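Everything on this sheet refers to the single structure shown next.
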Amino acid sequence: MKRNRWGGWAAGRWAAGGALACLAGVGAFLGIAYRSGLPTVPTPKATEFPTELVSRGAALAAVGDCIVCHTVDKGVAYAGGRALATPFGTLYSTNITPDPETGIGGWSKEAFKRAMRDGVSRDGRHLYPALPYDHYRQVHDGDLDAIYAFLMTRPAASAPAKANDLIFPLGFRPLLAGWKLLFLHQEEFTPRPDRDAEWNRGAYLAEGLGHCSGCHSPRNLAGAEETGGGAYSGGVAEGWVAPALNGASPAAVPWTADSLYAYLRTGVDGRHGAAAGPMGPVVHGLSRAPEADVRAIATYIASLSADRAAPKAPSPPDRAAEAAKANPAGATLFAGACAGCHEGGAPMMTQGRPGLSTVTALQLDSPDNAIRAILQGIHPPTGPAGPTMPAFAASLTDAQIADLAAYLRSRFSDRPAWTSLATAAATVRKEDTQP
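Sequential numbering of the sequence shown, starting at 728, is according to the working numbering.
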C-alpha cells in the first residue's frame, strides 16, 4: 500500500513532539525531585529579632494554627510529634522549635522559606503536603520573616522526629516531586482591585496562612484540593465533615460577616452553633489573633456564599410532638440528657446560645458530626466561659445514640431522615477510640 506522505509527516511530527514532551516532563520531574541541602547556620539569638517583628509573627502563627499540628497533647509547644491521620497512612509532625539538633535551630531564613513555599526540608528532603505549602506559597516574604522570628524565639526543645507510617511506596519521598509537578502551581497572593482592603486582607489570610479551603474543599485521589468550582464545597477534617462555605452551604441560616466573626472569635454564634472537633483549636488560635484580621477573614468567607437564597425558616415548634410520636425512645433520651440545656426556656437558651434548629450538624447529609458531638461533647475553645457540652460516650449505647440522633434530625430539621444510624454510631465510636 502506498503511504500518504502528509500522513507520515504528521505522524512523525506528533511522535517527535510526544518524545520531546516526555523528555521535558522527565526533566521537570528530575529538576523538582532533586533538591540540594542548604547549609546549617548558628542558631539565632532571640535578641536578634525586633520585638514588633516577633509580635507580628505570633499573630500570623495564630492565624495559621501552627501550634495545633506541631504540638502533641500535653507536650511542649511546637515540638512536634502529633499524629496526623491521612488516607495514605499516618504522618507525625516535626519539631519547629529552635533546637539545633532536632528542630529548626540550624535553619536559615532561606531554608525556612523554602520549606514553607516548596515543601523541601533544609537537608533537601521533600516534605509531605500535610504541611499546606500549596497555601503558604501565597504568603508574602515579610510575613514569613515574621513567623521565622517568632519560632526562633520560642523555647528550644529536644524532640526527635517520629517515623511516619505510610502505605508502600509513599514513604519514598522523591515521589512527592510528581505530586508537586501536578499540583504545586500557586503564586504569591495578589490583591483584587475590584475588592476593598478588608476583603483582600481576609482573602490573603484565609487562602494563605489560614488554609481554610484545605479542610472545607473536597480532595482528589492524590490528596490535592479540588480547585475551581470545587473550592469550599465541603470536605473532611479528622473525621468531621467540614461543611461547604460557598453557595452550597447547608446552614439553615446563611452566614454573615458578623455571625462568622462571632463564631471565629468566640467559638459560638447564636444562629449557627458552637465550634466542635477541629474547629475548636482554630477558634482558639483566632481568639488570640488581631481583631481586624479575624473580621477580614469573616468578610471574605461570607462573600463566598453571598449568592445564597433567602434563609430557611427554623423548624416549627410543633415538630416536637411529631418527632416524639415517630421516635418515643429518642424523645425520652432528649428529655433526660439534652432538654435541660436545649429545650425552649432552658437557662442556656436565654443567654443567646444557638437553638438546635439552626445547628449545621443537624442539616448535613451525613450524621457523623452530630454523632461525634454527642460522643465527644464540646469543649470551650477560648477558655472556661466558652461553649461546652458533656460527652456521652460512656453513658449512651450505639443504639441510644442512634435513637437520639434520629429524634434530633426529625425535630430540628426538615431534611430527609438519616439511615443506618446505629452502624454510623459504632463506626464513629471506633474511630474516636483508635490511637
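Beta carbons are placed, not taken as given, at the ideal position from N, Cα and C, and that holds for glycine. The structure presented is a predicted model; accordingly, all values stated were derived computationally and were not measured.
In terms of CA proximity to Asp1159, Glu965 leads the group Cys1068, Ala1029, Glu965, Tyr990. Annotation: the continuous alpha helix (DSSP H) that includes Thr1150 extends over 1148 to 1160. The beta carbons of Ser986 and Arg998 sit about 6 Å from each other, so the pair counts as a contact at 8 Å. By the criterion of a C-beta distance shorter than 6 Å, Phe910 is surrounded in its chain by Ala951, once the five residues flanking it on both sides are discounted.
In the structure shown, Ala984 adopts helical secondary structure according to DSSP, grouped into three states. DSSP lists His853 as the bridge partner or partners of Val847. The Cβ-Cβ distance between Pro977 and Thr1146 does not fall below 8 Å. Between the alpha carbons of Val799 and Gly905 lies a distance of about 30 Å. For Arg1138, the three-state secondary structure derived from DSSP is helix. Here the stretch 869 to 889 makes contact with the stretch 817 to 831; the two share three or more CB pairs at distances below 8 Å. For the 8 Å CB-CB criterion, Ala1133 and Leu1148 form a contact.
In the three-state scheme derived from DSSP, where H, G and I count as helix and E and B as strand, Trp1145 is classed as coil. With respect to Leu902, Tyr855 sits apart: the two C-beta atoms are not nearer than 8 Å. Close CB contacts of Arg946 within its chain, under the 7 Å cut and outside five residues either way in sequence, are with Glu952, Glu953, Gly962 (chain order). In this structure, DSSP gives Val799 a state outside helix and strand, which the three-state scheme calls coil. Judged by DSSP in its simplified three-state form, Arg946 adopts strand. Listed as beta-bridge partners of Tyr990 by DSSP are no residues whatsoever. By the CB criterion at 8 Å, Leu991 and Val1010 fall inside the cutoff. Taking every protein chain shown into account, the CB of Gly956 has fewer than 16 other CB atoms within 10 angstroms, so this residue is exposed. Here the alpha carbons of Asp845 and Ser763 stand approximately 13 Å from one another.
The C-alpha of Thr983 lies about 38 Å from the C-alpha of Leu908. In the DSSP assignment, Glu952 is bridged to Arg946. Residues Ala958, Tyr959, Ser960, Leu1031, Ser1032 of the same chain have their beta carbon placed closer than 8 Å to that of Asn973, with the five preceding and five following residues left out of the count. The continuous beta strand (DSSP E) containing Thr813 extends over residues 810 to 813. Cα atoms of Asp1125 and Gly1063: separation of roughly 17 Å, rounded to the nearest angstrom. Here DSSP, grouped into helix, strand and coil, assigns Asp996 to strand. Inter-segment contact for the stretch 1050 to 1059 and the stretch 1103 to 1121 is absent: fewer than three beta-carbon pairs are separated by less than 8 Å. The continuous alpha helix (DSSP H) containing Val1021 extends over residues 1018 to 1031. With a cutoff of 8 Å on beta-carbon distance, Ile1024 and Leu932 are scored as near each other. Contact between the stretch 867 to 876 and the stretch 807 to 822 is not established, with fewer than three Cβ pairs separated by less than 8 Å. When the Cα atoms are used, Tyr805 and Ala979 turn out to be separated by approximately 38 Å. DSSP places Gly1063 in the helix class (H, G or I) of the three-state scheme. Contact between Val781 and Thr880 holds, since their C-beta atoms are separated by about 5 Å, short of 8 Å.
In the DSSP assignment, Tyr931 falls within the alpha helix (DSSP H) that extends over 924 to 934. Taking the CA atoms as reference points, Arg1156 sits about 23 Å from Ala1066. Counting along the chain, the unbroken alpha helix (DSSP H) around Tyr860 starts and ends at 860 to 863.
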